[in-house]
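Notes follow once the structure below has been shown.
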Amino acid sequence: NTLNLRWYPRYHLAARAGWMNDPNGLVWFDGWYHAFYQHHPYSNQWGPMHWGHARSKDLVHWEHLPVAIAPEGPEDRDGCFSGSAVVNGDILALIYTGHKYHGETANEDELFQVQCLATSRDGIHFERQGIIVDTPPGVHHFRDPKVWREGDYWYLVVGARMGDTGEVRLYCSEDLHQWHEEGVLDKAESGMGFMWECPDLFTLNDKRVLMFSPQGLAAAGFRNRNLFQSGYIIGDWQPGLPFIRTSEFAEMDYGHDFYAPQSFLTPDGRRIVIGWLDMWESPLPEQQDGWAGMLSLPRELSLSDDNRLQMCPVKEMESLRQNWFSWPARALKNEQISVLDEAESVEVILNWKGALSTAEQYGISLGKGLRVYMDIQMQRLVLERYYPQYALCGVRSVTINPDNDLSLRLYIDRSSVEVFINNGEACLSSRIYPDAGDRELRLFAWNGSALLSESGAWQLE
Ligand code: DQQ
-7 NTLNLRWYPR YHLAARAGWM NDPNGLVWFD GWYHAFYQHH PYSNQWGPMH
43 WGHARSKDLV HWEHLPVAIA PEGPEDRDGC FSGSAVVNGD ILALIYTGHK
93 YHGETANEDE LFQVQCLATS RDGIHFERQG IIVDTPPGVH HFRDPKVWRE
143 GDYWYLVVGA RMGDTGEVRL YCSEDLHQWH EEGVLDKAES GMGFMWECPD
193 LFTLNDKRVL MFSPQGLAAA GFRNRNLFQS GYIIGDWQPG LPFIRTSEFA
243 EMDYGHDFYA PQSFLTPDGR RIVIGWLDMW ESPLPEQQDG WAGMLSLPRE
293 LSLSDDNRLQ MCPVKEMESL RQNWFSWPAR ALKNEQISVL DEAESVEVIL
343 NWKGALSTAE QYGISLGKGL RVYMDIQMQR LVLERYYPQY ALCGVRSVTI
393 NPDNDLSLRL YIDRSSVEVF INNGEACLSS RIYPDAGDRE LRLFAWNGSA
443 LLSESGAWQL E
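Residue numbers for the sequence shown, in the numbering used here: -7 to 453.
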């Protein structure tokens, strides 16, 4: 069967067919970047999880490889769940969660989750090495190991659910096979989630970032969306010492769709994050086209002076730039103007003079379904999507000072938009589902005027 490609990404990684969720095992090995991902190759829905696999020389052009691990061992009969990869000498090691139910049916009370190892010399064919971390007493949700090397040891963080409290547990090993528990690294206080999925602990400058995807976070005004969310806490940690928080929980991305992000290091020392550009319980209209789910662009992380995480698309993305359409500086007064007939694979660079703009709303729209705009009264940058035919309507937003200049970089693909604000200060990412012929880009300013400075769009290869 052929896929319907109307929404299939032009420059993001998606499965060739079937279902995709979390990115897994992001790693540089043997001259390639490898990206694995949660994958159900046999249908457009989540099912017994496999690890899909692709590799790239530049984080931009990806080559698909055969499925790396399939749920066919006694320890992972019902799924090879999320995990990570490390390079140990000339071996590529995958550390993942084996998932199975004791009975014949998917009964949550009879859930069994353990951490497993699989290894490869060629980076393509993997051999199971079995269980390396058993389920601790009192826990049954126990998944998503992230492993890294520090000094003479390997460390592993893993998500756990203790009663109704999400936790991150820490383990240590000399050889990736024998692990001993070092205790609970951090855990949810009231309202912070009943399960912390996909934890990742990494160093940025001299701080530690604990990134994770809580389930069941309490909604908090504009801040938390409730139920599924990805975010981070900054803190201090050294082997043998407790993790001390130095910041509150903050969102990774303020759009509709960014979950289960994982980080990795490039050979030149950049810390990159890739997330699943979807959200649980959100409709995925592309299922009717034979595929579902895609990954975000790789984003380079940095810390701002006030210790907030910043994300910018990796510089390699610039290699896709082809023609530049320039939009000269001008004032927009209670009007909209068309700037591009068909935005299907573009990078838009948009600069506004905040202090000289009075319009209640000013920004950019794509067809009838997407608007990204500054709301002066709310002091927020808003991403609004409106696809009622697919039950995907709603706004997400982030606080922005309307008196400052506003620079936006938008990556638009066939069914996604990623908005990077002021060089990474914040991101808004969402899936979008324009109908054929409904991809006109317009700039607008309503109830007042807005001043656009030099802007434009790159057509991407
Ligand atoms: N997805 C995986 C789990 C993880 C969840 C299963 C997060 O390992 O906790 O597909 O999206």
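Even glycine gets a Cβ: it sits at the ideal position worked out from N, Cα and C.
Since the structure is predicted, the reported quantities are computational estimates derived from the model, not experimental observations.
Is residue i helix, strand or coil when you go by DSSP?
i	result
ALA347	helix
GLU310	helix
PRO63	coil
ASP397	coil
TYR29	strand
TYR382	helix
GLN254	strand
PRO305	strand
GLU278	helix
ASP367	strand
GLU100	helix
ASN216	strand
GLY416	helix
HIS132	coil
TYR425	coil
LEU168	coil
VAL52	coil
ILE341	strand
ALA210	coil
GLY95	coil
ASN326	strand
LEU(-5)	coil
GLN105	strand
GLY183	coil
SER35	coil
PRO58	strand
ARG69	coil
GLU376	strand
SER296	coil
PHE118	coil
ALA284	strand
ARG2	coil
GLY23	coil
ARG153	strand
GLU497	The structure shown does not extend to residue 497, since the chain spans only -7 to 453, so no value can be given for it.
My understanding is that residue i touches residue j, with C-beta atoms under 8 angstroms, so please give their C-beta distance in whole angstroms.
i	j	result
TRP54	LEU5	5 angstroms
ILE264	GLU243	At roughly 19 angstroms, the Cβ-Cβ gap does not stay under 8 angstroms, so ILE264 and GLU243 are not in contact.
TRP43	ASN16	6 angstroms
LYS179	GLY158	7 angstroms
LEU57	ASN197	Wrong, their Cβ atoms sit about 35 angstroms apart, outside the cutoff.
LEU444	ARG322	6 angstroms
ILE124	CYS108	6 angstroms
ASN439	ALA351	6 angstroms
GLY151	GLU189	5 angstroms
GLY65	TRP283	At roughly 27 angstroms, the Cβ-Cβ gap does not stay under 8 angstroms, so GLY65 and TRP283 are not in contact.
VAL160	PRO191	4 angstroms
Have a look at the DSSP bridge pairing and note the partners of residue i.
i	result
PHE204	GLY223
ASP178	VAL160
MET271	Beta-bridge pairing links MET271 to no other residue.
ASP405	SER408
PHE317	ALA449
ILE124	In the DSSP output, where bridge partners are listed per residue, ILE124 has none listed.
ASP228	ILE236
SER112	LEU84
MET244	None, per the DSSP bridge assignment.
ASN16	PHE28
ASP192	MET203
TYR147	TRP140, CYS164
TYR354	MET366, ALA437
VAL265	SER255, ARG291
GLY44	TYR29
ALA442	LEU324
SER389	VAL374
Would you say residue i reaches chain B, if we count a Cβ-Cβ gap shorter than 7 angstroms as a contact?
i	result
LYS138	In the displayed structure, chain B is absent; only one protein chain is listed.
Three CB pairs or more closer than 8 angstroms across the segment 248 to 268 and the segment 283 to 300:
The segment 248 to 268 and the segment 283 to 300 touch, with no fewer than 3 CB-CB distances between them shorter than 8 angstroms.
Tell me, please, whether the segment 134 to 152 touches the segment 77 to 93 by the rule of three or more beta-carbon pairs shorter than 8 angstroms.
Below 8 angstroms, enough C-beta pairs join the segment 134 to 152 and the segment 77 to 93 to call them touching: three or more.
The segment 299 to 315 contacting the segment 27 to 36, beta-carbon criterion three pairs below 8 angstroms:
Counting C-beta pairs closer than 8 angstroms gives fewer than three between the segment 299 to 315 and the segment 27 to 36, which falls short of the contact rule.
Cβ contact check for the segment 382 to 395 and the segment 426 to 437: 3 or more pairs under 8 angstroms
With a cut-off of 8 angstroms, the segment 426 to 437 and the segment 382 to 395 do not count as touching, because too few Cβ pairs lie within range.
Closer than 8 angstroms is the cut-off here; do at least three beta carbon pairs connect the segment 146 to 153 with the segment 163 to 182?
These segments touch.
Give me the pocket residues for the ligand DQQ, defined as CB within less than 7 angstroms of any heavy atom, sorted by chain position.
Going by the Cβ distance cut-off, the answer is ASN13, ASP14, GLN30, TRP38, MET41, GLY71, PHE73, SER74, THR89, ARG135, ASP136, GLY151, GLU189, CYS190, SER205, TYR251, ALA252, TRP268, TRP272.
Check whether the segment 227 to 239 and the segment 251 to 258 touch, using three or more Cβ-Cβ pairs below 8 angstroms as the test.
Three or more beta-carbon pairs separated by less than 8 angstroms are not found between the segment 227 to 239 and the segment 251 to 258, which leaves the two stretches without contact.
Could you tell me whether the segment 355 to 367 touches the segment 399 to 412, where touching means 3 or more Cβ pairs closer than 8 angstroms?
In short, these stretches touch, since the Cβ pair count reaches three.
Is the segment 343 to 356 touching the segment 394 to 404 in the sense that three or more CB pairs, one from each, lie closer than 8 angstroms?
Taking one beta carbon from each stretch, the segment 394 to 404 and the segment 343 to 356 have 3 or more pairs nearer than 8 angstroms; the two touch.
Closer than 8 angstroms is the cut-off here; do at least three beta carbon pairs connect the segment 419 to 428 with the segment 322 to 330?
Between the segment 419 to 428 and the segment 322 to 330, the count of Cβ pairs shorter than 8 angstroms is below three; the stretches do not touch.
With three or more beta-carbon pairs closer than 8 angstroms as the criterion, would you say the segment 347 to 359 touches the segment 210 to 222?
By the criterion of at least three beta-carbon pairs nearer than 8 angstroms, the segment 347 to 359 is not in contact with the segment 210 to 222.
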